[in-house]
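Student: Let me begin by handing over the structure; questions about it come next.
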Amino acid sequence: MVEYGKLAAFSLIYTIPPIILYMISQRFMSEGFNFGGATKG
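Below is the structure:
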């Protein structure tokens, strides 16, 4: 049998860090583009 509690816990553990890294990288990328003088259309 599949233990859905453990499955859900591991899926959360493995999916949260990439989401956090993505959010941080998006913030730094947008700041970098703004400081570079490029404007979004």
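Residue numbers for the sequence shown follow this note's numbering, beginning at 755 and rising by one. Where is the CB? At the ideal position from N, CA and C, for every residue including glycine.
Rounded to a whole number of angstroms, what is the C-alpha to C-alpha distance between ILE773 and GLN780?
Tutor: Position 19 of the sequence shown holds residue 773. Position 26 of the sequence shown holds residue 780. Near 11 Å, if we compare the C-alpha coordinates of GLN780 and ILE773.
Student: Which value, in whole angstroms, describes the spacing of the CA atoms of PHE764 and PHE782?
Tutor: Counting from one through the sequence shown, the residue named residue 764 turns up at place 10. Counting from one through the sequence shown, the residue named residue 782 turns up at place 28. Distance between the alpha carbons of PHE764 and PHE782: 28 Å.
Student: Does DSSP classify MET755 as helix, strand or coil?
Tutor: As a first step, residue 755 is located in the sequence shown; it is residue number 1 there, counting from the start. Of the three classes helix, strand and coil, the one that applies to MET755 here is coil, per DSSP.
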